[in-house]
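Undergrad: Counting in the UniProt record's numbering, the sequence shown runs from 1 upward without gaps.
Backbone N, C-alpha and C fix where the C-beta goes; we use that ideal spot for every residue, glycine too.
The structure displayed is predicted, hence computed values, not measured ones.
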Amino acid sequence: MKWGDKNRRRRFRWLYPTMLVVGLFLLFGMISFYYVRTNLLTSGLYPVEETLLEAGYTKTKTGFRKKDANVIIDIQWNAKTKVFDKNHYRFKAHQETTFWKKTYVDKETLERLTNGQLSNQYGFVQYTKVNKKDWLRVSPRLIAHAGGTVREKEYNTKYTNSLEALRQNYNLGHRLFEMDFNLTSDKKLAAVHDWHHFGNKDDVAPSSKEWKKFQGYGSPETPSRFTTMLIGDVFDQMIINRDMVLVTDIKSMEISKEDRITQFKELVSEANKRDKELLDRVIPQIYHQEMFGEIESIYPFKHVIYTLYASPDSGEEVLDFIAKHKEIEAVTVPIDDSRLTPKFIEQVHKLGKRVYVHTIQTYESLTKYAAINVDDFYTGLLTPQDMAVYESVSK
1 MKWGDKNRRR RFRWLYPTML VVGLFLLFGM ISFYYVRTNL LTSGLYPVEE
51 TLLEAGYTKT KTGFRKKDAN VIIDIQWNAK TKVFDKNHYR FKAHQETTFW
101 KKTYVDKETL ERLTNGQLSN QYGFVQYTKV NKKDWLRVSP RLIAHAGGTV
151 REKEYNTKYT NSLEALRQNY NLGHRLFEMD FNLTSDKKLA AVHDWHHFGN
201 KDDVAPSSKE WKKFQGYGSP ETPSRFTTML IGDVFDQMII NRDMVLVTDI
251 KSMEISKEDR ITQFKELVSE ANKRDKELLD RVIPQIYHQE MFGEIESIYP
301 FKHVIYTLYA SPDSGEEVLD FIAKHKEIEA VTVPIDDSRL TPKFIEQVHK
351 LGKRVYVHTI QTYESLTKYA AINVDDFYTG LLTPQDMAVY ESVSK
């Protein structure tokens, strides 16, 4: 035997144990990694990057991005503040940790961020789109009136129907948004209460292009100006946040039947250009019985509210009408309306439908009407946190 062969065997004699030790070390590391990761998932902490990739996002230099119905959605994570920014909508993480240089965040925050459902399948993240909800029964029992109040350092501004209102009030926890709409001069649907008080103050409708360039304001009018929207812009926000629900306030009692039909045709057309699913999250308000047939001939809306502030119907006529139509899931009553009685509320509930009131701005009003079993409340100023306080002390 040659000397070189003996030397080679000596080297290999140490190589095999070394490989075995390394292999055992790697195996132990893999088992430890899987064990810790599984425990994190079981405890409700999910990896941000993997979750967003599963939800259809791609990684960018600054965060994550995807295109949904031609809307670009960008998400950035701020590790210092523990906040996700999604097209200026903010999602504060309840819990956060780091494992193997990867950020893990609580499941609830990631589900709200992605509008989906997460599950743990053998240590791997599974993402599914959120199931359709009974939108009129979602928490927190509040509808943000005219998009909700815009809160600034010096002012509280109502009736803006603006992008700023949607963003701020969504960030405060609102998910149901009532918004006012009127036709522009070229028959496009603009988010505005009326042209006299919130347009050029001449009661003349501008064109859609003029409205998009307009610097919007609210009530009271302050130096602040807000981003105006057409119905398509509202739908774009609803694509970004697929738990955002629109309640329409189209001033049908002030316009012709022809314009009413034009408004809803425009609404349906703009939704269909993006995603027909949007129409499942549009809840039209009707103001008289004939209007129900008008809108149903345009599109079979699944959820409808009969709002009574312009209706001449008696309480008995209202009950008879809503009993005939399963799509009418709620009635909205002004707080000073004589039809708003405990008996009327009880009768509506017996039909399996809900009672809303408008518009309340104080906690005192909230408690007053909740005490007579009103289900939900249109509000400009109250927040879901106010509702949570009431529910916690009323149990």
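Please list the terminal residues of the continuous alpha helix (DSSP H) segment that includes T51.
TA: Here the alpha helix (DSSP H) through T51 covers V48 to E54.
Undergrad: Quick check: the Cα distance between F28 and F124, rounded to an integer number of angstroms?
TA: Per-residue confidence for F28 stands at a pLDDT of 46, beneath the threshold of 50, marking its modelled position as unreliable; the derived number appears in the next sentence. Spanning the two alpha carbons is a distance of roughly 19 Å.
Undergrad: With DSSP as the reference, identify every bridge partner of I250, one or two as the case may be.
TA: Per DSSP, F181.
Undergrad: Give a yes or no on whether the C-beta atoms belonging to D180 and A191 are separated by under 8 Å.
TA: In contact: D180 and A191 (Cβ atoms closer than 8 Å).
Undergrad: Which residues does DSSP pair with S219 in a beta bridge?
TA: Partner(s): K158.
Undergrad: Assuming V192 is part of the alpha helix (DSSP H), what are its boundary residues?
TA: Taken as a continuous stretch (DSSP letters only), V192 belongs to no alpha helix (DSSP H), as it is neither H nor E.
Undergrad: Would Y390 pass as a contact of I143 if the rule is Cβ separation under 8 Å?
TA: Contact: no.
Undergrad: Quick check on DSSP: helix, strand or coil for F214?
TA: Correct three-state label for F214: coil.
Undergrad: For V331, which of S365, F301, Y287 and L366 has the nearest alpha-carbon?
TA: It is Y287.
Undergrad: Within the chosen definition, does the stretch 162-170 reach the stretch 217-226 through at least 3 CB pairs nearer than 8 Å?
TA: Verdict: yes, contact present.
Undergrad: Under 8 Å, do T51 and N120 count as touching if we go by C-beta distance?
TA: For T51 and N120, no; Cβs fall outside 8 Å.
Undergrad: Take residue 421 and list the residues in its own chain whose beta-carbon comes closer than 8 Å to its own, dropping the five residues that flank it on each side.
TA: Limits of the chain in this structure are 1 at one end and 395 at the other, which puts residue 421 out of reach.
Undergrad: For the stretch 182-189 against the stretch 207-223, do three or more pairs of beta-carbon atoms, one drawn from each stretch, fall closer than 8 Å, so that the two count as touching?
TA: These segments touch.
Undergrad: E108: beta carbon under 7 Å from a heavy atom of the ligand ATP?
TA: In terms of ligand content, the structure shown is empty, and the ligand ATP therefore cannot be addressed.
Undergrad: Spatial neighbours of N70 within its chain, please: CB distance less than 8 Å, with the 5 preceding and 5 following residues excluded, ordered by chain position.
TA: Here the set comprises R274.
Undergrad: Quick test of the definition: if touching needs 3 or more C-beta pairs under 8 Å, does the stretch 136-150 touch the stretch 284-299?
TA: With the cut-off at 8 Å, the stretch 136-150 and the stretch 284-299 do not touch.
Undergrad: S311: buried (16+ other C-beta within 10 angstroms of its C-beta) or exposed?
TA: Buried, because 16 or more other Cβ atoms sit within 10 Å of the Cβ of S311.
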